[in-house]
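Just so we're aligned, residue 9 is where the sequence shown starts under the working numbering, counting upward by one.
Quick reminder that beta carbons are idealized off the backbone N, C-alpha and C, glycines included.
Remember, predicted model here, so these are calculated numbers, not experimental data.
Working notes, beginning with the structure itself.
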Amino acid sequence: MRLEDHAVAITGAGGGIGRAVALAFAAEGAGVVAADLGERADAVAEEVRRAGGRAVAVRADVSRSADMRALVERSVREFGGLDVLVTCAGLGTAGLLLEQDESEWTRVIDVNLNGTYRAIRAALPQMIARRRGRIITIASVLGKMGGYGFVSAYVASKHGVVGLTRALASELGSQGYPGITVNAICPGYVRAGMGVATQATKAGPMSGTEIFERYYKRLVPQRRMIEAEEIAHAAVFLALPESAGITGQALNVDGGFVTS
Ligand SMILES: NC(=O)c1ccc[n+]([C@@H]2O[C@H](COP(=O)([O-])OP(=O)(O)OC[C@H]3O[C@@H](n4cnc5c(N)ncnc54)[C@H](O)[C@@H]3O)[C@@H](O)[C@H]2O)c1
């Protein structure tokens with residue numbers, strides 16, 4: 009119960025990683041505002057409550073700034089403020105750059121990068137007013153390296169998330185808000201959500217687990233997928249008061265895949 013007096017808002021809370029983040033923060037005593045599209049938000053809030061935690065659901069689309077403002081208002085109303093924002097909402101994509109049309113590029117950038125910006129833009133005034141807060145973006149190891157084919161829009165969006173995270177940490181620290189930290193988590197291949205979803209590959213549709221076994225496993229020193237709970241643990245770690253000196257970082261949780 010290390011975060012009992014905290015309120016956390018989570019975008020994409022109904023997804024594989026978002027759900028684990030919601031449960032982990034609730035287990036530490038935090039009040040959870042679980043945001044996602046439609047019923048996904050309701051389902052995860054219900055699961056947190058069934059597990060004994062405090063949670064409310066907000067149906068919120070990261071493509072809409074008004075939804076992000078409503079999410080923050082709900083946190084203030086329910087829990088008296090907003091201490092932590094975790095941005096988990098995201099989309100995967102597949103296909104070579106020339107095979108995708110511009111609308112697919114725009115869709116992925118708009119949710120993954122612009123959606124992260126919109127959530128932060130809505131949360132920041134609350135944190136600035138109280139001079140404290142934790143912003144935790146969920147990027148990817150593909151925010152630091154190129155993908156192995158087929159994912160240019162995704163890689164570009166995640167590099168953008170890492171860049172936004174680093175720039176904002178520097179901006180806030182140097183503008184007199186050292187109590188607000190901004191960090192990214194860069195998951196490797198996770199055994200949940202889009203990490204296990206079926207994807208189109210040149211060899212036909214394949215589950216994420218199969219893709220990992222075939223193409224990635226040999227590149228990962230630990231030779232295993234990451235569990236969603238390990239990403240959630242990293243998010244809780246970054247939210248703890250003892251992590252106040254960590255800002256502007258992009259923490260890989262990837263079994264040793266990427267070492268920079
Ligand atoms: N699973 C992995 O292997 C992996 C690896 C690296 C990074 N990530 C990142 O982690 C985050 C979570 O991914 P996941 O694996 O849990 O996938 P997921 O598909 O299970 O979860 C993504 C969630 O985002 C929500 N979402 C999509 N568009 C939205 C929008 N416009 N507004 C609000 N919510 C929206 C979806 O409804 C879904 O619940 C993503 O940003 C993803 O890029 C995942």
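Since residue i contacts residue j with CB under 8 Å, what's their CB separation in whole angstroms?
| i | j | result |
| --- | --- | --- |
| A211 | A236 | Incorrect: roughly 26 Å between the Cβ atoms, too far for contact. |
| R62 | G39 | 5 Å |
| V169 | A130 | Contact doesn't hold; Cβ gap of about 16 Å is too wide. |
| E105 | R115 | Before going on, a small fix: residue 105 reads as Leu here, not Glu. In fact, because the Cβ distance is near 14 Å, the residues do not count as touching under 8 Å. |
| T267 | T189 | Their Cβ separation, rounded to whole angstroms, is 23 Å, which puts T267 and T189 out of contact at 8 Å. |
Indicate, with yes or no, if ligand 1 has a heavy atom lying under 7 Å from the CB of residue i.
| i | result |
| --- | --- |
| T255 | no |
| L93 | no |
| Y224 | no |
| G203 | yes |
| I144 | no |
| T206 | no |
| R48 | yes |
| V56 | no |
| N260 | no |
Determine the DSSP secondary structure at residue i, reduced to helix, strand or coil.
| i | result |
| --- | --- |
| P186 | coil |
| R48 | helix |
| G20 | coil |
| I254 | coil |
| M153 | coil |
| P213 | strand |
| R10 | coil |
| Q230 | coil |
| Q207 | strand |
| G141 | strand |
| R269 | Residue numbering for the chain in the displayed model covers 9 to 268; residue 269 lies beyond these limits and cannot be assessed. |
| V169 | helix |
Spell out the partners DSSP gives residue i in its beta bridges.
| i | result |
| --- | --- |
| P195 | V261 |
| T114 | DSSP, once it has assigned bridges, lists no residue as partnering T114. |
| T95 | T19 and T145 |
| A236 | DSSP lists no partner for A236. |
Could you tell me if the beta carbon of residue i falls within a distance shorter than 7 Å of some heavy atom in ligand 2?
| i | result |
| --- | --- |
| G187 | Questions concerning ligand 2 fall outside what the structure shown contains, since the ligands it does hold are ligand 1. |
Item to check | Touching by the beta-carbon criterion (3+ pairs, under 8 Å), the segment 249 to 259 and the segment 91 to 100 | outcome: no
Next on the checklist: Three or more C-beta pairs under 8 Å: does that hold for the segment 25 to 32 against the segment 236 to 247?
Outcome noted: The answer is yes - the segment 236 to 247 touches the segment 25 to 32, with three or more Cβ pairs under 8 Å.
Checklist entry - Three or more C-beta pairs closer than 8 Å, one from the segment 65 to 75 and one from the segment 116 to 124: is that the case here? => result yes
Checklist entry - Would you say the segment 133 to 147 touches the segment 215 to 228, given that touching needs at least three Cβ pairs under 8 Å? => result Per the Cβ contact rule, the segment 133 to 147 is not in contact with the segment 215 to 228 (fewer than 3 Cβ pairs under 8 Å).
Next on the checklist: Pairs of beta-carbons, one from the segment 46 to 60 and one from the segment 13 to 28, closer than 8 Å: are there three or more?
Outcome noted: yes
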